[in-house]
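Down below is the structure, laid out as structure tokens.
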Amino acid sequence: MHPRIPIPAARLMRAVLLCLGALLAFGPALAAQAAPQTFLVTKFTDSADGTCSSSDCSLREAIIAANSNPGEDKITVPGGTFLLDMAGPGEDLSATGDLDIREAVIFQMAGTATISQL
Numbered sequence: 632m633h634p635r636i637p638i639p640a641a642r643l644m645r646a647v648l649l650c651l652g653a654l655l656a657f658g659p660a661l662a663a664q665a666a667p668q669t670f671l672v673t674k675f676t677d678s679a680d681g682t683c684s685s686s687d688c689s690l691r692e693a694i695i696a697a698n699s700n701p702g703e704d705k706i707t708v709p710g711g712t713f714l715l716d717m718a719g720p721g722e723d724l725s726a727t728g729d730l731d732i733r734e735a736v737i738f739q740m741a742g743t744a745t746i747s748q749l
């Protein structure tokens, strides 16, 4: 059996307060980063201008946004025809060519969608 080594109460209290302070400082930021998001596709044109807002978001932009947000996200896709016409095979970030899904994502279909590539 190992002998018990007493820890001074003040030292133990400092360690506990330090841990609590770290949780209070960094906990909300970590939780906010991992929050799942829903991206609504609002246009049928193929674009990647760097934004996926509630009024301007292509299928490609929604996938890029979901890839950049950690954790499982949801993409709501309206019914219609999507033509992927941004040429550029060989890259893996969805910027051009095919769509590269690199994070967990749920597709919620709001109708029948057809996706084709030139």
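Residue numbers (our numbering): 632 to 749. Beta carbons are placed, not taken as given, at the ideal position from N, Cα and C, and that holds for glycine.
- In this model, Ala718 and Glu692 are separated by some 15 Å (Cα to Cα).
- At least 7 Å separates the beta-carbon of Glu722 from that of Pro667.
- Assigned with DSSP and collapsed to three states, Ile706 falls in strand.
- Cβ contact annotation for Ala726 (same chain, cutoff 6 Å, sequence separation greater than five): Ala679, in chain order.
- The beta carbon of Lys674 lies closer than 8 Å to those of Asp687, Cys688, Ser689 in the same chain, with the five residues before and after it left out.
- In the three-state reduction of the DSSP assignment, Ser747 falls in the strand class.
- Comparing alpha carbon positions, the residue from Thr745, Phe738, Pro709 closest to Ala697 is Phe738.
- The three-state secondary structure of Ala726, taken from DSSP, is coil.
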